[in-house]
Structures are given as C-alpha cells and as structure tokens.
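Colleague: Following this message is one structure expressed as structure tokens.
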Amino acid sequence: MTNDGLPFVMGVEEECLTLGSHIDMDRMFVAIQSLAPTLRACPSGIFTPLGRIYLDGSHLELASAEAGSPWILADIVARQQQLVAEAIQSVAGAGGSLEFANINYSGLLRSGACTWGTHENYLVNRPVSWFAEQMIPFLCSRFYAGSGAVHWPSGRYVASARVQFLAAETNGNTTRNRPLFCTARSDPGENGRELRRCHLVCADGHRSPINLALQFGATSLVLHALIERPKKLKSIPRPSGASKKLWLVCAKHFNFLAKPGEPLAVHPGAIQLQRFYLQLVSDWLAGSRAAPDWSDKIVALWQATLDAVEQGNHLWLSQRLDAWIKYDLLDVALEVMGSNWREAADNRLLSSHLTLISQDYHCFTKSDSIFQVLCEKEAILRSPRFLPVNDRWKIATKTRAAARAKMICEHAGETDLVLDWNGMINLQTGERWGLVDPMATRFELLPHASDFNLDRLRSQLSGVVD
16 MTNDGLPFVM GVEEECLTLG SHIDMDRMFV AIQSLAPTLR ACPSGIFTPL GRIYLDGSHL
76 ELASAEAGSP WILADIVARQ QQLVAEAIQS VAGAGGSLEF ANINYSGLLR SGACTWGTHE
136 NYLVNRPVSW FAEQMIPFLC SRFYAGSGAV HWPSGRYVAS ARVQFLAAET NGNTTRNRPL
196 FCTARSDPGE NGRELRRCHL VCADGHRSPI NLALQFGATS LVLHALIERP KKLKSIPRPS
256 GASKKLWLVC AKHFNFLAKP GEPLAVHPGA IQLQRFYLQL VSDWLAGSRA APDWSDKIVA
316 LWQATLDAVE QGNHLWLSQR LDAWIKYDLL DVALEVMGSN WREAADNRLL SSHLTLISQD
376 YHCFTKSDSI FQVLCEKEAI LRSPRFLPVN DRWKIATKTR AAARAKMICE HAGETDLVLD
436 WNGMINLQTG ERWGLVDPMA TRFELLPHAS DFNLDRLRSQ LSGVVD
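Under our numbering, the first residue of the sequence shown carries the number 16, and numbering increases by one thereafter.
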C-alpha cells in the first residue's frame, strides 16, 4: 500500500489457444460446475472463487480473481488452469478432443499470424494516461514479460510473440493497432477514491509461476513508485529528429534474443533501462513505511534476473523464465531430429515442429505436457507458497476476491443470482449488492436505481437483446 492508501491489487486475463476437434464447450462448462462452486457471470460465462471463465468470441478466456501479491496471483492462475484441466479430463472419451494453451499465437510466428493477448490489470489512483510517458521505457525493455518464440522465416528467437505485433507506443486500442502502453479500460472508481484500472496488453502468457510473479511484481512496484515519487523520474529525451515511435522501435529491437545458432542474449540497453527502474523502486521502498511484505523477494528476483542475463547465466534463467526454458526444449528437439537452428530457419516443416512443441509447453490441460514433465523432474523452480490454503476454494488475499469467493461458495448453483466484478444481482427480486471497493470485505445491499432495467438484463442473459 502506498502512503496515500492505495493498496496493491493485480490480476490477469488469459486468452487461450483451442486445440481439438468436434468441440463441445457447453459440456466443459457443465463439468466445471460439477467440480467447483460457481455462479452465473454477467454478461457471460461463470464465476468460480478463482475468477471468471467465459468465451470471448470463439476462444476461452480465464480472468483471475484480484490478488494483492504476485505470488498469490501465480497461485490463483495455476489453480484456475488446473480446474479447467480437470473439467476437460472428466469429459474425455465422450467424443472429440479438447485442449487449451495459454500461448499467444497460432501457426508459425510470422507477419499476418493470428494473435491474441494475455492482459494485465493493476489498480492505480491516477488517470491511466498520466503514467504513459514514464512507463513506456520500462515496458519496452521488459524482456521477462515474453515467453519466447521462433520467428518465421528469419529463424530468430524473440523474447515475446506479442511484441512482434505491437503497432503504437500508446493508445486505447486492444484489438488492433495495439500499443506498448494501453489507456483502455480505465474504469473510474465509484467509491470516491478516483481508482482506475491500468490495463496492459503487451505481454505473453506464462507457464513458469516465478516468471509470472516477476512480471506482475516488478510492474506493480514501478506503478506505485511513480505514484509516490512522480518527480524522481524525469522524461527521457528523444534524440533530435527521432521517430514518434522511438520506444516501439526499441521494444522490437530489444525483443530479439538470438540469431539461428547463437546463444541467447538480452540487449545491454534493455538491461540498463531495467536497472534504472529497479533503482527507482529500491529508493522508494527504502523510504516507504507502506511496502508490501512481498516486495523484498520480488526486488531480489528482479536484481538476480538482470545479473543473470548480464553474466550470461543460462542455467539460472532456464530454471525460471519461460523464454529460456523453451529455448532449451527446442534446442534439444532439433538435436533429436538431427537438425539445428540454422537448418530450421530455412525449413518450414522443422519450424512447424518447433511451433507444436511450444504449444505443448503452454498446454495446461494435458497431464503429460512438456511443462508438467519438467516440473515433475524439478527442472523448473516453482514459486513458494507463502500462504498455503487447505480449502481449495478459499482465496488467500485481502482483496474483494475473498468476499466474492465466500459468496460463491455459500450460494453455489443458485440460478437467480448473477455476478459481475463489482457486485451481484438477484434476477427474481431485482435486489443488487455491491462489491465496488477493491478491498471490500463483504457485499453491501444497494438502493434501488431508477435507471436499472431488470427485464433488459434478463433478456441479455438469455441471449435475446431488445
């Protein structure tokens, strides 16, 4: 929490690649409802204590419950993925097949490829555009926000698939012309504290929980440091005549980790920028009386990561960061196939094999996925469980997610109740309960609102829009 009372709240939305044939999504949702306490979600899908699960267009999306710590967020994400995996396994063998992966593109990673996002959410108390200029250099150098990918046909290994398709430094777009720093979804607070949601769309999906915790922990600390010490970070001047997309150009340059056959290396400029922001955070924490209890471990991990890339400590990185873990997997695969990185760059079939391996790594619904095998062999370090929970559906966080989880468990399956992130509605009586404050501990009954149209809401939820 900052000195002005802003708590740390973060969450993630994962859009998933769907793998399978003769897919019946309805059966999967029924299976989830049999495995976990659920309530209907508005405008679609279902809420479990772990967050919202729904179809966004044709793909599955998992939106995590709000967490107050990056380690707890990593735990929520893993548990949400495990729930979907159990649902898939429970309906296996009933015709067709279905798997999900939190990878951010399908097919070869090339110009025109089909891509989607893994979106970050952070609670702030400033207009989101206020952060843009100071956050963009941080985001353009955030190499650990990627999960690694092979570009076709160059054969280059890049840190992030998502960065390859960014088209602007900042704007409010989420579906096209996507930016490094997004100003969309800056939802105004309704509790007098002018709270906003900082919604970022420039990162990849992670399997490594340590990687996810590093990304969300570092980014959240930078946002809070900027709020607390806005004058400590002066604008980084653009060279005379520089493009208006200078930082976007830098992001794509920093995104490049290796040519075919070369070892992975992070650009010195990216490391220098990250150290600059790390120092900003360290200075703020040293003088803060409101530092979160997880900040020391994240700062130490951030420092160690920068040291490792600077020193070329590949082994350390390949136990923690997805991009390095996947690179080693693909390297071994090429060796087994009697090939190498240079040959793969010119061979579409080999590159397609590498893409399939990447998809398998990100597949969280297979018990024998590559990631699961590596975890069982302890080749990947798992995140610590700082707050172990015996009750699977209890959320170990001080955010409103705990109150929502309790409500879902107490009223699971009640068809008249519909949840959204800010509250709950009874479709029979029209009663509404609010959960607006991000740190709310219970639902509050709301007064009748003259502009609330219950019949219209019922029609929308039944699929009939007036």
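Beta carbons: idealized from backbone N, C-alpha and C, even for Gly.
(1) Tell whether a beta-carbon distance below 8 Å holds between Glu30 and Asp90.
(2) Are the region 441-460 and the region 406-418 in contact at 8 Å, needing three or more beta carbon pairs?
(3) Do the region 42-53 and the region 87-105 touch if we need at least three Cβ pairs shorter than 8 Å?
(4) My output table needs one value for Leu288: the three-state DSSP class, helix, strand or coil.
(5) If you reduce the DSSP assignment to three classes, tell me which class Pro278 lands in.
(6) List, from N- to C-terminal side, the alpha helix (DSSP H) runs of 4 residues or more that fit wholly inside the region 36-60.
(7) Between the alpha carbons of Asp481 and Pro58, how many angstroms are there, rounded?
(8) Beta carbon of Glu81, beta carbon of Gly132: below 8 Å?
(9) Please confirm whether Val314 and Val296 have their CB atoms less than 8 Å apart.
(10) For a test of the three-state rule: what should DSSP assign to Arg193, helix, strand or coil?
(11) What is the DSSP secondary structure of Leu402, counted as helix, strand or coil?
(12) What does DSSP give as the partner residues of Val165 in its beta bridges?
(13) Just curious, the beta strand (DSSP E) that Ile68 is in, first and last residue?
(14) Whose C-beta lies closer than 6 Å to the C-beta of Gln374 among residues of the same chain, with five residues either side of it excluded?
(15) What does the Cβ neighbour count give for Phe467, buried or exposed, with the cut at 16 atoms within 10 Å?
(16) Could you tell me whether the Cβ atoms of Asp322 and Ser223 are closer together than 8 Å?
(17) Would you mind listing the beta strand (DSSP E) stretches within the region 420-471 that are 3+ residues and don't spill past its ends, in chain order?
(18) What are the boundary residues of the beta strand (DSSP E) that Gly26 is part of?
(19) Taking DSSP's pairing of strands, which residues face Cys378 in a bridge?
(20) According to DSSP, Leu215 sits in a beta bridge with which residue or residues?
(21) Just the Cα atoms here: how many angstroms apart are Pro462 and Gly449?
(22) I'd like to check one pair, Ile410 with Ala394: are the Cβ atoms closer than 8 Å?
(23) Quick check: what's the CA-CA separation for Trp356 versus Tyr376?
(24) Quick check on this structure: which residue in Leu65, Leu434, Thr370, Gln149 has the alpha carbon closest to the alpha carbon of Asp406?
(25) Do you know whose CA, among Met150, Ser310, Ala78, Trp167, lies nearest Arg363's CA?
(26) Please report the distance separating the alpha-carbon of Ser235 from that of Arg244.
(27) Taking the alpha carbon of Gly187 as the reference point, which residue from Tyr120, Pro142, Ala93, Tyr159 has its own alpha carbon closest?
(28) Give the straight-line distance between the Cα atoms of Ala233 and Ala176, rounded to the nearest whole angstrom.
(29) DSSP puts His74 in a beta bridge; with which residues?
Modeller: On the basis of the coordinates in this document:
(1) Position 15 of the sequence shown, counting from 1, holds the residue named residue 30. Position 75 of the sequence shown, counting from 1, holds the residue named residue 90. No.
(2) The region 441-460 vs the region 406-418: in contact.
(3) yes
(4) Sequence index remark: in the sequence shown, residue 288 carries index 273 (1-based). Helix, per DSSP.
(5) On the sequence shown, residue 278 is found 263 positions in, with the first residue counted as 1. Correct three-state label for Pro278: coil.
(6) 40-50
(7) If you number the sequence shown from 1, residue 481 lands on position 466. If you number the sequence shown from 1, residue 58 lands on position 43. Since pLDDT at Asp481 reaches only 31, below the 50 mark, its modelled position is unreliable, and no value is offered.
(8) Reading the sequence shown from its first residue, position 66 is the one you call residue 81. Reading the sequence shown from its first residue, position 117 is the one you call residue 132. Not a contact, by the Cβ cut-off of 8 Å.
(9) As a working note, residue 314 is residue 299 in the sequence shown. As a working note, residue 296 is residue 281 in the sequence shown. Yes, Cβ-Cβ distance for Val314 and Val296 is below 8 Å.
(10) Sequence index remark: in the sequence shown, residue 193 carries index 178 (1-based). Here Arg193 carries a coil assignment [DSSP, helix/strand/coil].
(11) For the purposes of this step, residue 402 is taken as residue 387 along the sequence shown, with counting starting at 1. Caution is warranted here: a pLDDT of 45 is assigned to Leu402, below 50, making its placement in the model unreliable, and the coordinate value is therefore given only provisionally. If DSSP states are grouped into helix, strand and coil, Leu402 belongs with coil.
(12) Numbered from 1 along the sequence shown, position 150 holds the residue referred to as residue 165. Answer by DSSP bridge pairing, in chain order: Tyr172.
(13) Here residue 68 is taken as the residue at index 53 of the sequence shown, counted from 1. From DSSP, the beta strand (DSSP E) with Ile68 extends over 66-71.
(14) As a working note, residue 374 is residue 359 in the sequence shown. So the list reads Ala116, Ile118, once near-sequence residues are dropped.
(15) By 1-based counting over the sequence shown, the position of residue 467 is 452. By the neighbour-count rule (16 or more Cβ atoms within 10 Å), Phe467 is not buried but exposed.
(16) The sequence position of residue 322 within the sequence shown is 307, counting from 1. The sequence position of residue 223 within the sequence shown is 208, counting from 1. Contact flag unset, no.
(17) 432-435, 438-441, 447-449
(18) Counted from its first residue, the sequence shown places residue 26 at position 11. Annotation: the continuous beta strand (DSSP E) that includes Gly26 extends over 25-30.
(19) Here residue 378 is taken as the residue at index 363 of the sequence shown, counted from 1. In the DSSP output, where bridge partners are listed per residue, Cys378 has Ala116.
(20) Residue mapping note: residue 215 aligns to position 200 of the sequence shown, counting from 1. Its beta-bridge partners are Glu135.
(21) Within the sequence shown, the letter at position 447 stands for residue 462. Within the sequence shown, the letter at position 434 stands for residue 449. When rounded, the distance between both Cα atoms is 10 Å.
(22) Translated into the one-based positions of the sequence shown, residue 394 becomes position 379. Translated into the one-based positions of the sequence shown, residue 410 becomes position 395. No; because the gap between Cβ atoms is not below 8 Å, this pair is not in contact.
(23) By one-based count along the sequence shown, residue 356 stands at place 341. By one-based count along the sequence shown, residue 376 stands at place 361. Straight-line measurement puts the Cα of Tyr376 at about 19 Å from the Cα of Trp356.
(24) Position 391 of the sequence shown, counted from the first residue, corresponds to residue 406. Closest option to Asp406, Cα to Cα, is Leu65.
(25) Indexing the sequence shown from 1 puts residue 363 at position 348. Checking every option, the nearest Cα to that of Arg363 belongs to Trp167.
(26) Indexing the sequence shown from 1 puts residue 235 at position 220. Indexing the sequence shown from 1 puts residue 244 at position 229. C-alpha separation (whole angstroms): 14 Å.
(27) As a working mapping, residue 187 is identified with position 172 in the sequence shown. Of the listed residues, the one whose Cα sits closest to Gly187 is Pro142.
(28) Taking the sequence shown and counting its residues from 1, the one referred to as residue 233 is at position 218. Taking the sequence shown and counting its residues from 1, the one referred to as residue 176 is at position 161. If I take the Cα positions, the gap works out to 20 Å.
(29) As a first step, residue 74 is located in the sequence shown; it is residue number 59 there, counting from the start. Per DSSP, Asp71.
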